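If you read the sequences in order, they're chains Z and H.
Quick note, the first sequence lines up with residues 1 to 239 if you use our numbering.
Quick note, the second sequence lines up with residues 1 to 239 if you use our numbering.
Every residue, glycine too, gets a C-beta built ideally from N, C-alpha and C.
These figures come from a predicted structure and were not determined experimentally.
Following: one structure in C-alpha cells, then a few remarks.
2 protein chains.
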Amino acid sequence: MNAPISIDGDIERPATVAESVAAVLREAIADGRCPPGSALRQDDLARRFGFSRMPIRDALRLLESEGMVAIHPTRGAFAAGLDVDEIREVYAIRVLLESEALRLAAPHLTAARLDAAERLLEAMEAEPRVGEWGRLNRDFHLALIASCGNGRLIDLIERQHRPCDRYARILLADLDHQSTSQAEHRAVVAALRAGDTETAVALLRRHLEIGAAMLIDAARASPMVGPRGSTHRTDEDRR
Amino acid sequence: MNAPISIDGDIERPATVAESVAAVLREAIADGRCPPGSALRQDDLARRFGFSRMPIRDALRLLESEGMVAIHPTRGAFAAGLDVDEIREVYAIRVLLESEALRLAAPHLTAARLDAAERLLEAMEAEPRVGEWGRLNRDFHLALIASCGNGRLIDLIERQHRPCDRYARILLADLDHQSTSQAEHRAVVAALRAGDTETAVALLRRHLEIGAAMLIDAARASPMVGPRGSTHRTDEDRR
DNA sequence: GAACGTATTCTCGTATACGAGTATCCGTCA
DNA sequence: TGACGGATACTCGTATACGAGAATACGTTC
C-alpha cells in the first residue's frame, strides 16, 4: 500500500446529459430568457435539446432542488417566480451567514488570500458580461469566507447567492451599481488587511443591505415581480 | 370573479410513486436501517418496492437534494455517510439561524403560541418511538420560530434538522438525553413567557451546544462514523 | 508470488412506448 | 348572454428496452 500521495487536481466526472441541460437551463432562467413563471414543457425541451425527456426530467429535478424551477406533480415545471419578499429574506439570511463566516475566516485570511480576492475585483472591473461578472462577484464573496472552517456553511452561502444573482441579472440590466459595489468590496478588503475584523463585518453587512435595497427598488418598478406564490403565468409558454 | 374565500385545508397533491418511495427510503436511512455508505441499487429497490426504476431514480434525486444520499454518476447512489465534522458544522449553523429566528419571532410569540409549543413538549414526553419523538422535537423548535416572518429562514432551519435527527436516531438509541433536553426546552419557553428574549436565545444556544456535544461524544464511540468524505463502503449492500 | 492485461458481469444513463390525469374548447341549456 | 357539461388534446408519470461505462474476476507474464 503506497503512501497517500495528495493530488489536488479535481477530476471532472463524466458529465451526464442531465447536468449539461441543467447548466444551460440554469443560465436561461438566471438571466431572464426563461421569464419567471413560464412553463418548461418536458418534450418541448427534449425536442429543443435533441434528447429524450428522461435527462430533461433529471435536469428539472436538479434545478428544483436549487430553487430555480417549481415542479407541480402532473402539471409540470415552471421557472421560479420573482418575489420582493424573497429578496428581503435571502439578503437577511446572507447578512447572518456571511457575517459569521467572515468572522470565522478572518484569522486565517493571509495577505496572499486577500491578494487573490483583490485580483477577482480587478477581473470584475474588466468584465463587461453580466453573467460572468456575477460569477466573479460570487467568487469574491466566497474567497473571503473560504477559510472559515465550516464547509457546510460555505455551501449554504453559495446557495443563497444563486437567487441574488438571478434577481440582479434580471432587474439590474444596467451596470451602474457595479462601481459603488466595487468600492464597498475594496473597503471590506482594506479593513481585513488592517486586521479590523468587526469593521470588515460591518462593511460587508452594509454592502449587502445596500444591494438588497437596490434590488427591492428595482423590483417595485418591474412588472415581472409578483407577490409570493403567484407563479403568475406569464403565459409566454411554448416559446 | 368571486371574493377570495380563504380555505386553509391543504389539498394533498396526488402523491407520486417517487415521493412515496422517497418517504420510505428517507425513514430507512434516517434510522440506520440503510447503514451510512451502503449502496442503493436502482433495480434492487425497484424490485423491492414493485415499481420500475424510473420513480426510484426520481426518489433518489429527491433524497440527494436533501443530503440523505450521495449520487455518483455512473456509479450509483449511496446512503450519506456520518461524519463528526458535519455534526459540528450543522449545529454551528443551527445556533446561528435559530438564534436569529427566535429573536425575530419573539415579539410575535403570544401566550397561545407558547401554549401550543408546550403541548408539543407534553406529547414528546408521552412518545416512546424515537422517530416520532424526533418529529415532535423538530415541530417544537419550528413552533418557536414560526412567526419570525422569514419563510426562507424557516425552511433553511428545517433542512438543518434532518441531519441532526438522523445522527440522533442512529447514535442515541437510548432515550436518556431526552429528559435533560426537555428541561432545556421548558427553560426556553419560560424565558419567552417572561418576555426575556435574550435569555431565551442564550438558553436555546446552550441547548443546541449540549446536543451537539452529546452527539459528538457518541460519534467518537461509534464505528459507523468516519472522517469526511469517506463514504466508507460498509459493503453491507445487497441486503 | 506479485503485478499487469483482458474478458465478463453488473449498473447506470438514455430512448421509446403506453396509460392516466389535467386543462381546454365547444356545444347546450337556462 | 352567461354558466354548466362533455369531448378532445395535451402533458406528465411510469414501464420496458437497449447501449455504454465501470467494477470485478480471472488468466497470463515477469
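What would DSSP say about residue i, mapped onto helix, strand or coil?
i               : result
V21 of chain H  : helix
D243 of chain H : Given a span of 1 to 239 for chain H in the structure shown, any question on residue 243 of chain H remains unanswerable.
L109 of chain Z : coil
E236 of chain Z : The predicted model places E236 of chain Z with a pLDDT of 38, which falls under 50 and marks its position as unreliable; any figure quoted below should be read in that light. E236 of chain Z: coil per DSSP, three-state reduction.
L172 of chain Z : coil
D83 of chain H  : strand
A15 of chain H  : coil
A117 of chain Z : helix
F51 of chain Z  : coil
C34 of chain Z  : coil
P163 of chain Z : helix
S222 of chain H : coil
R103 of chain H : helix
N137 of chain Z : helix
C148 of chain H : helix
R26 of chain H  : helix
A191 of chain Z : helix
A126 of chain Z : coil
E132 of chain Z : helix
E184 of chain Z : helix
R64 of chain Z  : Per the sequence shown, residue 64 of chain Z should be read as Glu rather than Arg. Residue state, collapsed to three classes: helix.
For my contact list, residue i and residue j are in at a C-beta cut-off of 8 Å; report their separation, rounded to the angstrom.
i               : j               : result
L156 of chain H : L62 of chain H  : Rounded, the Cβ-Cβ distance is 18 Å, inconsistent with contact.
E89 of chain Z  : R94 of chain H  : So it is not a contact: roughly 18 Å between Cβ atoms.
G32 of chain Z  : R162 of chain Z : Wrong, their Cβ atoms sit about 14 Å apart, outside the cutoff.
D139 of chain H : L120 of chain H : 5 Å
A18 of chain H  : A59 of chain H  : 5 Å
F78 of chain H  : A39 of chain H  : 6 Å
V188 of chain H : L204 of chain H : 5 Å
R53 of chain H  : T197 of chain H : Contact flag wrong, Cβ pair sits at about 51 Å.
Take the Cβ of residue i as the centre, count every other Cβ of all protein chains shown within 10 Å, and call the residue buried at 16 or more, exposed below.
i               : result
R57 of chain H  : buried
A112 of chain H : exposed
R75 of chain H  : exposed
A105 of chain Z : buried
R166 of chain H : buried
G211 of chain Z : buried
R26 of chain H  : buried
A55 of chain H  : The identity of residue 55 of chain H in the sequence shown is Pro, whereas the question assumes Ala. It is buried - the Cβ of P55 of chain H has at least 16 other Cβ atoms within 10 Å.
A143 of chain Z : buried
A183 of chain H : exposed
S311 of chain Z : No information on residue 311 of chain Z is available, as it lies outside the stretch 1 to 239 that chain Z covers here.
A173 of chain Z : exposed
M1 of chain Z   : Here the model assigns M1 of chain Z a pLDDT of 40, short of 50, so the residue's position is not dependable, and the following value carries that caveat. M1 of chain Z should be labelled exposed.
If you draw a straight line from the C-alpha of residue i to the C-alpha of residue j, how long is it?
i               : j               : result
H185 of chain H : A202 of chain Z : 33 Å
G283 of chain Z : T16 of chain Z  : Lying outside 1 to 239, the shown extent of chain Z, residue 283 of chain Z is not represented and no answer is given.
A123 of chain Z : D85 of chain H  : 35 Å
R206 of chain Z : E100 of chain H : 18 Å
L192 of chain Z : A116 of chain Z : 13 Å
I21 of chain H  : L114 of chain H : Sequence inspection shows Val at residue 21 of chain H; the Ile mentioned does not correspond to that position. Looking at the two C-alpha atoms, the distance is approximately 35 Å.
G149 of chain H : C34 of chain Z  : 29 Å
H141 of chain H : M68 of chain Z  : 28 Å
R135 of chain H : R48 of chain H  : 27 Å
A80 of chain H  : Y91 of chain H  : 18 Å
A146 of chain H : C164 of chain H : 19 Å
D83 of chain Z  : R220 of chain H : 45 Å
G131 of chain H : L171 of chain H : 13 Å
Q42 of chain H  : W133 of chain Z : 41 Å
N137 of chain H : H72 of chain Z  : 29 Å
P223 of chain Z : A200 of chain Z : 36 Å
V225 of chain H : G50 of chain Z  : 44 Å
G195 of chain Z : A213 of chain Z : 29 Å
P128 of chain Z : I87 of chain H  : 42 Å
P4 of chain Z   : H108 of chain Z : For P4 of chain Z, the predicted model reports a pLDDT of 42, less than 50, meaning its position is unreliable; a value from the coordinates is still stated below. Approximately 26 Å between the Cα atoms of the pair.
A218 of chain Z : Q178 of chain Z : 15 Å
I154 of chain H : Q160 of chain H : 10 Å
A30 of chain H  : E64 of chain H  : 13 Å
E158 of chain Z : E66 of chain Z  : 11 Å
T110 of chain H : I216 of chain H : 35 Å
D176 of chain H : A126 of chain H : 14 Å
D44 of chain H  : A70 of chain Z  : 30 Å
DSSP puts residue i in a beta bridge; with which residues?
i              : result
I71 of chain H : H:A77
A39 of chain H : H:F78
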